[in-house]
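Each residue of the sequence shown is one higher than the one before, starting from 8 at the first, in the numbering used here. By construction, the Cβ of each residue, glycine as well, lies at the ideal position given by its N, Cα and C atoms. These numbers come from a predicted model, not from an experiment. To start, the structure itself, in structure tokens.
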Amino acid sequence: MSPIPLRHLLIGDEHDLPLLGALLRTLPRDTVGELVLELPDERRPLLPTPPGVTTRHLVLGRGWRRGDRACAALEAWTEEWLLEEHLGAEAHAIFVGLAHNPKVAALCERLAAPHPTLHMHRPSHTHSVR
């Protein structure tokens, strides 16, 4: 049986807001993690999160294509948290939206390969990316 993840990361864009809202409502109150939203403009949608979940808004400015900032955030998060001193990969759960973005999909596949126990979910899949 897999351990319960200790840290969560949820990444999406404006198209993922309804699904992210539904996922956030299912998280226990003591959940720890980050919600990262890549948005096309300065608006700040309010999604209720558990107290231990921080929210970051990444605005797509000039020169950024959809998925670029989400990929940068995902890479930075995995570099920080998927190290041996932060428990194993199975201690983390990641949801990555932007379902139709090939750059995001390729990054998820590349990140999942060295971490076979990582709980990484995509909206187009019903199981972990492996």
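Nearest in C-alpha terms to R72, of all of E41, K110, L89 and P35, is K110. Around the beta carbon of R129, 16 or more other beta carbons sit within 10 angstroms, so the residue counts as buried. Runs of alpha helix (DSSP H) with 4 or more residues, each lying fully within the segment 79-121, are found at 109-119, listed in chain order.
For R51, the number of other beta carbons within 10 angstroms of its own is below 16, and it is reported as exposed. For the beta strand (DSSP E) assignment, the uninterrupted runs of no fewer than 3 residues enclosed by the segment 11-89 are, from N- to C-terminal side, 14-20, 39-46 and 59-66.
By the 16-neighbour rule on beta-carbons within 10 angstroms, H126 is buried.
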